[in-house]
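Encoded as structure tokens, the structure appears first; notes follow it.
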Amino acid sequence: MKVVAAYLLAVLGGNTCPTADDLKDILGSVGAEADDERIELLLSEVKGKDITELLASGREKLASVPAGGGGGGVAVAATGGGGGGGAAPAAAEAKKEEKVEEKEESDEEMGFSLFDD
Numbered sequence: 003m004k005v006v007a008a009y010l011l012a013v014l015g016g017n018t019c020p021t022a023d024d025l026k027d028i029l030g031s032v033g034a035e036a037d038d039e040r041i042e043l044l045l046s047e048v049k050g051k052d053i054t055e056l057l058a059s060g061r062e063k064l065a066s067v068p069a070g071g072g073g074g075g076v077a078v079a080a081t082g083g084g085g086g087g088g089a090a091p092a093a094a095e096a097k098k099e100e101k102v103e104e105k106e107e108s109d110e111e112m113g114f115s116l117f118d119d
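Per my numbering, residue 3 is the first one in the sequence shown, and the count goes up by one each step.
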């Protein structure tokens, strides 16, 4: 992903055809390691292609990917409930979190404060 991000940064910066050295410079500027194999693979895949067309085709592919909602069905099936079965466990978890917050001690109760002299 960092190689793709470096490529997109280069293109957004006005470099329509970034080289491996350009990507290495971008990655090096933030202290990231540059993997030569991944850089060459990316450059070979995008060679001669327009970045806006690549992004558009990627969006089309992502549109067909199912997104989210799969985890709740298992909990509902396990409880034997209908559509509202998933809300009860969430409410119970929220109450537990509230109780945990109440038990925390403040800095003043511990005998010191952030702004002590």
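Every residue, glycine too, gets a C-beta built ideally from N, C-alpha and C.
- Cα atoms of residue 43 and residue 21: separation of roughly 12 Å, rounded to the nearest angstrom.
- The Cβ atoms of residue 5 and residue 37 lie closer than 9 Å to each other.
- With 16 or more other Cβ atoms from the protein chains shown falling within 10 Å of its own Cβ, residue 29 counts as buried.
- When C-alpha distances from residue 23 are compared across 9, 14, 16, 15, the shortest belongs to 9.
- Within its own chain, the residues whose Cβ lies closer than 8 Å to the Cβ of residue 35, once the five positions on either side in sequence are excluded, are 29, listed in chain order.
- Residue state for residue 49 is assigned as coil, using DSSP reduced to three classes.
- The beta carbon of residue 33 lies closer than 6 Å to none in the same chain, with the five residues before and after it left out.
- Each residue's CA atom was taken as its position, placing residue 14 and residue 54 some 11 Å apart.
- By the criterion of a C-beta distance shorter than 7 Å, residue 61 is surrounded by no residue of its chain, once the five residues flanking it on both sides are discounted.
- For residue 51, same chain residues with a beta-carbon under 8 Å away, outside a window of 5 residues either side, do not exist.
- Our two residues, residue 31 and residue 46, have alpha carbons roughly 23 Å apart in a direct line.
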